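Trainee: In the numbering used here, the protein residues as written are 24 to 196.
#1: DSSP three-state call for residue 146: helix, strand or coil?
#2: Comparing C-alpha positions only, which one of 193, 196 and 187 sits nearest to residue 27?
#3: Would you mind reading off the limits of the alpha helix (DSSP H) that contains residue 190?
#4: In whole angstroms, what separates the C-alpha of residue 76 from that of residue 163?
#5: How many angstroms separate the CA atom of residue 152 from the CA atom of residue 124?
#6: Between the beta-carbon of residue 171 and the beta-carbon of residue 57, is there less than 8 angstroms?
#7: What would DSSP say about residue 170, mapped onto helix, strand or coil?
#8: According to DSSP, is residue 133 part of a helix, a strand, or is it coil?
#9: Look at the alpha carbon of residue 47 and the alpha carbon of residue 86, and state the distance between them as a whole number of angstroms.
#10: Taking residue 126 and residue 101 to be in contact with their CB atoms under 8 angstroms, please state how far apart those CB atoms are, rounded to whole angstroms.
#11: Just list the residues that DSSP pairs residue 99 with in beta bridges.
#12: Classify residue 147: buried if its beta carbon has 16 or more other beta carbons within 10 angstroms, exposed otherwise.
#13: What separation, rounded to the nearest whole angstrom, lies between the Cα atoms of residue 161 and residue 53?
So this is what it looks like as structure tokens:
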């Protein structure tokens, strides 16, 4: 979205801070934040613009994953989407994380099934480095939010970028 917006508006530049920790948009002079899962500060304006589907990924192809056989797989589930299936089990992983990007990197080098947003793994699936596994399990989708400090002081560039994000999300559906 950044590159396609940049082609439409070449005079707009971006500073991108990739962090799992919430930042104070006003104090740090950010125009907006993209947040997954939950909107942040209640004093900000949050607009859900799409949902990101979640899938099961592995570096090796696997059989169909069902409620009956999921316990036989080592599972890395950073957001606990499938927590109901891991009740009473102990972790077999040396590294536990809630970070999707780290989980993806681990999935590329370790034999386990990772529960991740599909959009995060598209490139690796296309390259054959990860496999999107077939499952009968219902996995929740990740809601994505745009957050801004206030509507009345929003710069034109921010309004244009928000519109671009929303339109891009609609085009992907």
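A virtual CB, placed ideally from N, CA and C, is assigned to each residue, including glycine. Values in this document were obtained by computation on a predicted structure and should not be read as measured data.
Mentor: To lay it out plainly:
#1: If DSSP states are grouped into helix, strand and coil, residue 146 belongs with the helices.
#2: Of all alpha-carbon atoms in 193, 196 and 187, the one lying nearest the alpha-carbon of residue 27 is that of 187.
#3: It spans 179–195 - the alpha helix (DSSP H) in which residue 190 sits, taken as one unbroken run.
#4: Distance between the alpha carbons of residue 76 and residue 163: 7 angstroms.
#5: Cα-Cα distance, rounded: 15 angstroms.
#6: For residue 171 and residue 57, no; Cβs fall outside 8 angstroms.
#7: Looking at residue 170 - three-state DSSP - the assignment turns out to be strand.
#8: Reduced to three states, the DSSP call for residue 133 is coil.
#9: Rounded to the nearest angstrom, the two C-alpha atoms are 45 angstroms apart.
#10: Their Cβ separation, rounded to whole angstroms, is 5 angstroms, which keeps residue 126 and residue 101 in contact under 8 angstroms.
#11: DSSP lists 137 as partners of residue 99.
#12: So residue 147 ends up on the buried side.
#13: Rounded to whole angstroms, residue 161 to residue 53 spans 36 angstroms at the Cα level.
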